[in-house]
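Undergrad:
Protein chains in written order, with our numbering: chain L, 217 to 544; chain E, 2 to 257.
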């Protein structure tokens, strides 16, 4: 990645982070807001800044970085620009875990039940993927297994909603599924950060392998890349990042698909360079979207996942259109 | 690690869907020789190369496949038949991937790599292509760029699967000549090739596969007899020994 791009993206993330801290329903001038972060002479404002806005922007950056990186890994691993982290079915399984706690009332009985159950769902999905995909190192079997897990988890979620005796609980689950960062606390940050950062670190170790895969699986293997290990690390790292992101924020799609695409040209398509760029770009995109939901409809609680899909889906269609033009 | 002087395969067999894709093949490849691997479509040439490299589950032993993956990558380069370039990376970066086995985990490619890449691109008539997108090349250019990647690996051995397929005559000859020269400089080359005349001219030894079995092995003038061409390739041909090497005119397909 060129220095200019690195500085540009880092600057963008920093600026959006600042903006995210300054925008909110408590209309307080920027200087006063920032002052409250460090000096608690206005206890209420300090509370808003430290306990609401700071964890929220940190989570946005963390989740965005994780999803952006995961998308770049997934596209590099499958050598397909239309791949995205959700393909493995981990986010679906995490959502199933969360929806079950909302339906059974566990989520309201015990605050951490929902994210914990989502993480458990993600963990079970990885186990199932490993069983289905088998011991050899092919990427195609992993994807087919992912599609299976995805479908199963999706069916589970609809079954839970279908059999729900309580329309309010069903409604709550539906809203949760839309994905949001509203009212997230330090507890959420503490729960998600180790998994997201750990998963990202794990995925980053495979940068060389992804570069080598540009030449195909056989040539990569002949260059000394261990494909079985690559697949295991991709699976675990992705599950850790995506599971934790879904556990605290619900389903936020399209980041992992769109961000690597937007940045691929800027890094001249080098898969390893794309990892860092996509992490920064993902952070910027989720921060921007989370600011947008607060600005567009402040009173109506517009969901982050919904906004992402509204922006992401037309972009996806545009990609398909462009892809069609380049294919003869 | 001291590099071996030869690669030995002993009794390699590969079974696929209950049928032998390769049956008890043994051979040795020395440094300093260019060996041609020939045979009709489906004879098992690619399977043999993959098995020798350890990319195929097989019975029997291959001294190369027995090495740890990182040592193997410094001992032999493998140029697969499928010409895959997944992303539009610059040609220079794609070729530099051949140096991956020498780079410590996490560190950057050393600067000498740029010179090595330039040298190999020059040798392959590709010097103007360094900054181009690797996916925006013609079929023949793609083949040569991928060959450059394998050459820049600078291994004692190179196993190339149809490196000359799809090239124009001049580039076919230069690629085979390049392997011949590399062998003269001490590399061991095993190359599959469908052009028998080229194989006869640039390979000191030929290995002939048919239905997964090694059916003949030796210098081209001993191996490429009208009888063998009829039995293995089902063609009739006129074979002449000339001062420039073997001259082979392929005449017609034999009915079975």
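Built from N, CA and C at the ideal position, the CB exists for glycine as well.
For residue 501 (chain L), which of L:285, L:268 and L:260 has the nearest alpha-carbon?
TA: For residue 501 (chain L), the nearest C-alpha among the options comes from L:285.
Undergrad: Using a beta-carbon distance below 8 Å, is residue 486 (chain L) in contact with chain E?
TA: With 8 Å as the cut-off, residue 486 (chain L) counts as an interface residue toward chain E.
Undergrad: Which residues in the same chain have their Cβ closer than 8 Å to the Cβ of residue 400 (chain L), if we skip the five residues on either side of it in sequence?
TA: Here the set comprises 271, 272, 275, 464 and 465.
Undergrad: Can you tell me whether DSSP reads residue 78 (chain E) as helix, strand or coil?
TA: Strand at residue 78 (chain E).
Undergrad: Does residue 487 (chain L) pass the burial test, meaning 16 or more other C-beta atoms within 10 Å, or should it be called exposed?
TA: With 16 or more Cβ atoms within 10 Å of its Cβ, residue 487 (chain L) is classed as buried.
Undergrad: To the nearest angstrom, how far is it from the Cα of residue 165 (chain E) to the Cα of residue 140 (chain E)?
TA: Distance between the alpha carbons of residue 165 (chain E) and residue 140 (chain E) is about 11 Å.
Undergrad: Relative to the C-alpha of residue 293 (chain L), which residue among L:356, L:455 and L:478 is closest?
TA: The candidate whose alpha carbon is nearest that of residue 293 (chain L) is L:356.
Undergrad: List the endpoints of the continuous beta strand (DSSP E) containing residue 27 (chain E).
TA: Segment 20-31, the beta strand (DSSP E) holding residue 27 (chain E).
Undergrad: Measuring CB to CB, does residue 205 (chain E) end up less than 8 Å from residue 6 (chain E)?
TA: No, the pair does not count as a contact, with Cβ atoms beyond the cut-off.
Undergrad: Would you say residue 524 (chain L) and residue 505 (chain L) are within 8 Å of each other, going by their C-beta atoms?
TA: In this structure, residue 505 (chain L) lies closer than 8 Å to residue 524 (chain L) by Cβ.
Undergrad: With H, G and I counted as helix, E and B as strand and the rest as coil, what does DSSP make of residue 4 (chain E)?
TA: Coil.
Undergrad: Give, in chain order, every unbroken run of the alpha helix (DSSP H) that is at least 4 residues long and sits entirely within the region 372-430 of chain L.
TA: Those alpha helix (DSSP H) runs which fall completely within the region 372-430 of chain L and span 4+ residues are 383-393, 402-420 and 423-428.
Undergrad: Considering only residues of the region 226-261 of chain L, which uninterrupted alpha helix (DSSP H) runs meet the minimum length of 4 residues and lie entirely inside it, listed in chain order?
TA: Runs of the alpha helix (DSSP H) inside the region 226-261 of chain L: 246-254.
Undergrad: Any beta carbon from chain L within less than 8 Å of residue 1 (chain E)'s own beta carbon?
TA: Given that chain E is displayed from residue 2 to residue 257, the structure contains no residue 1 (chain E) and the question cannot be resolved.
Undergrad: Could you check whether the Cβ of residue 544 (chain L) sits closer than 8 Å to any Cβ belonging to chain E?
TA: Confidence at residue 544 (chain L) is low in this model, with a pLDDT of 41, below 50, so the placement of that residue should be treated as unreliable; the coordinate-derived value is given next. Taking Cβ atoms only, chain E never reaches closer than 8 Å to residue 544 (chain L), which makes this a no.
Undergrad: Return the residues of the region 80-92 of chain E that lie within a Cβ-Cβ distance of less than 7 Å from chain L, sorted by chain order.
TA: Correct list: 81, 83, 85, 86, 87, 88, 89, 90 and 91.
Undergrad: Can you pull the DSSP bridge partners for residue 10 (chain E)?
TA: DSSP output for residue 10 (chain E) lists E:28 and E:63 as bridge partner(s).
Undergrad: If the cut is a Cβ gap below 8 Å, which residues of chain L does residue 122 (chain E) touch?
TA: Ordered by position in chain L, no residue passes the 8 Å Cβ test against residue 122 (chain E), which lies about 16 Å from the chain.
Undergrad: So, are the CB atoms of residue 310 (chain L) and residue 317 (chain L) less than 8 Å apart?
TA: Not a contact, by the Cβ cut-off of 8 Å.
Undergrad: If I'm right that residue 453 (chain L) touches residue 415 (chain L) with Cβ under 8 Å, what's the distance once you round it to whole angstroms?
TA: Right, the Cβ-Cβ distance comes to about 5 Å (below 8 Å), so this counts as a contact.
Undergrad: Can you have a look at residue 326 (chain L) and say buried or exposed, based on whether 16 or more other CB atoms are within 10 angstroms of its CB?
TA: Counting Cβ neighbours within 10 Å, residue 326 (chain L) comes out exposed, since fewer than 16 surround it.
Undergrad: Determine which residues share a DSSP beta bridge with residue 253 (chain E) and list them.
TA: Beta-bridge pairing links residue 253 (chain E) to E:237.
Undergrad: How would you list, in chain order, the residues of chain L whose beta-carbon sits under 7 Å from the beta-carbon of residue 102 (chain E)?
TA: Here the neighbours are 439 and 440.
Undergrad: Run the CB neighbour count on residue 241 (chain L), radius 10 Å, all protein chains shown included, and call it buried at 16 or more, exposed below.
TA: The residue in question, residue 241 (chain L), is exposed, as its Cβ has fewer than 16 Cβ neighbours within 10 Å.
Undergrad: Indicate whether the contact test is met: 3 or more Cβ pairs, each with one atom in the region 386-397 of chain L and one in the region 433-449 of chain L, closer than 8 Å.
TA: At 8 Å Cβ cutoff, the stretches do not touch.
Undergrad: Note down, one range per segment and in chain order, each beta strand (DSSP E) of at least 3 residues found wholly within the region 117-204 of chain E.
TA: Entirely contained in the region 117-204 of chain E, the beta strand (DSSP E) runs reaching 3 residues are, in chain order, 158-161 and 189-193.
Undergrad: Any beta carbon of chain L sitting closer than 8 Å to that of residue 319 (chain E)?
TA: Given a span of 2 to 257 for chain E in the structure shown, any question on residue 319 (chain E) remains unanswerable.
Undergrad: Comparing C-alpha positions only, which one of E:86, E:23, E:9 and E:16 sits nearest to residue 211 (chain E)?
TA: Measuring from the Cα of residue 211 (chain E), the nearest candidate turns out to be E:23.
Undergrad: Quick one, which of E:142, E:3 and E:39 has its alpha-carbon nearest residue 209 (chain E)'s?
TA: For the residues E:142, E:3 and E:39, the minimum Cα distance to residue 209 (chain E) belongs to E:39.
Undergrad: Do you know offhand how far residue 424 (chain L)'s Cα is from residue 223 (chain L)'s?
TA: So the two alpha carbons sit approximately 23 Å from each other.
Undergrad: Determine whether the Cβ of residue 280 (chain L) lies closer than 8 Å to any Cβ atom of chain E.
TA: Taking Cβ atoms only, chain E never reaches closer than 8 Å to residue 280 (chain L), which makes this a no.
Undergrad: What are the residues of the region 167-180 of chain E that lie near chain L, defined by any Cβ-Cβ distance shorter than 8 Å?
TA: From the region 167-180 of chain E, no residue has a Cβ closer than 8 Å to chain L.
Undergrad: Going residue by residue through the region 448-510 of chain L, where are the continuous beta strand (DSSP E) segments of at least 3 residues, counting only ones entirely within it?
TA: DSSP runs (the beta strand (DSSP E)) wholly in the region 448-510 of chain L: none.
Undergrad: Helix, strand or coil for residue 1 (chain E)? Go by DSSP, reduced to three states.
TA: Nothing can be reported for residue 1 (chain E): it is not among the residues displayed for chain E, which extend from 2 to 257.
Undergrad: Taking a cut of 8 Å between CB atoms, which residues from the region 41-73 of chain E lie near chain L?
TA: From the region 41-73 of chain E, only 51, 54, 56, 70, 71 and 73 have a Cβ closer than 8 Å to chain L.
Undergrad: Interface residues of chain L around residue 23 (chain E) at Cβ under 9 Å?
TA: The premise fails here: residue 23 (chain E) is roughly 16 Å from chain L at the closest Cβ pair, so nothing lies under 9 Å.
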